[in-house]
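Numbering (the numbering used here), first residue to last: 563 to 738. Backbone N, C-alpha and C define an ideal beta-carbon position, used for all residues, glycine too.
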Amino acid sequence: MKDTRWRTWEIIGLFWTLAAGNLLHFVYDWTGSSVAAALFSAVNESTWEHMKLLAVPWILFSLVEYIVLRSGGIAGPRAVGLLVGLAAIPLLFYGYKGVVGQGNMIVDILIFQVSVLLSFWVSWSLQKRRRLSGAGWTVLGLLVLLGVWALFLLFTFRAPDLAVFVDPLTGMRGIG
């Protein structure tokens, strides 16, 4: 794969993930609580649903990028980047709330953006060094990406009784 083509795709992916993630925060409400919209967008203000704002655009773009670039060196690093970003969101969110004692919308938005940047940095670093690029890593990466999306779909409708799934505004979990 040509380095400039890969870089172009990665920059497009970064901006796509930031823009789509921010827009997907509102789509469920804009569509009148559409079940179809719930598959892709946040359905409440829980930390889990905010993690979905990173996961869905990231996974969709990763799959398109994998198909278009036809490179086996993408899926493994993209899966690791996603997992790092998904871990960063609750760690940063609960970390700052624990210190400050309350939430702040500007900080919440910045946490999302920092998590997206961290995800891309990890993925870029692994891809640039050709780490996790073999056939086995490709299969595992694709399985992780699809598995993460499956968990977001499942837990949107059947959220476990854990704090990360609770909407702080309503006390509800998911839409089920």
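Cβ shell of residue i (< 8 Å), same chain only, five flanking positions each side left out
i	result
L616	T579, G583, L644, G647, L648, I651, F674, S677, V678, S681
K690	none
Candidates the options, of which the one nearest residue i by Cα
i	options	result
V597	L724, T732, L715	L715
L622	I574, G660, F717, L653	I574
L653	Y590, T609, V589	T609
T566	K614, P619, L631, I671	L631
Contact belief for residue i with residue j at Cβ below 8 Å, rounded distance in angstroms
i	j	result
R640	L702	Between L702 and R640 the Cβ distance is about 11 Å, and since that is not below 8 Å, they are no contact.
A600	T700	That belief does not hold up - the Cβ atoms of A600 and T700 are roughly 30 Å apart, past 8 Å.
G733	V605	14 Å between Cβ atoms; not a contact.
Residue i (DSSP reduced to helix, strand or coil)
i	result
V661	helix
R735	strand
V605	coil
Own chain partners of residue i with C-beta closer than 7 Å, once the 5 adjacent residues on each side are dropped
i	result
V562	Residue 562 falls outside the range modelled here, since the chain spans only 563 to 738, and no answer is possible.
E532	Any answer about residue 532 is impossible in this case: the structure gives the chain only from 563 up to 738.
Nonlocal neighbours in the same chain, by C-beta distance under 6 Å from residue i, ignoring five residues either side
i	result
L704	A637
S603	L586, V589, Y590
W711	I621
CB contact check: residue i to chain C, cutoff 8 Å
i	result
D565	The chain labelled as chain C is not found in the depicted structure, where only one protein chain is given.
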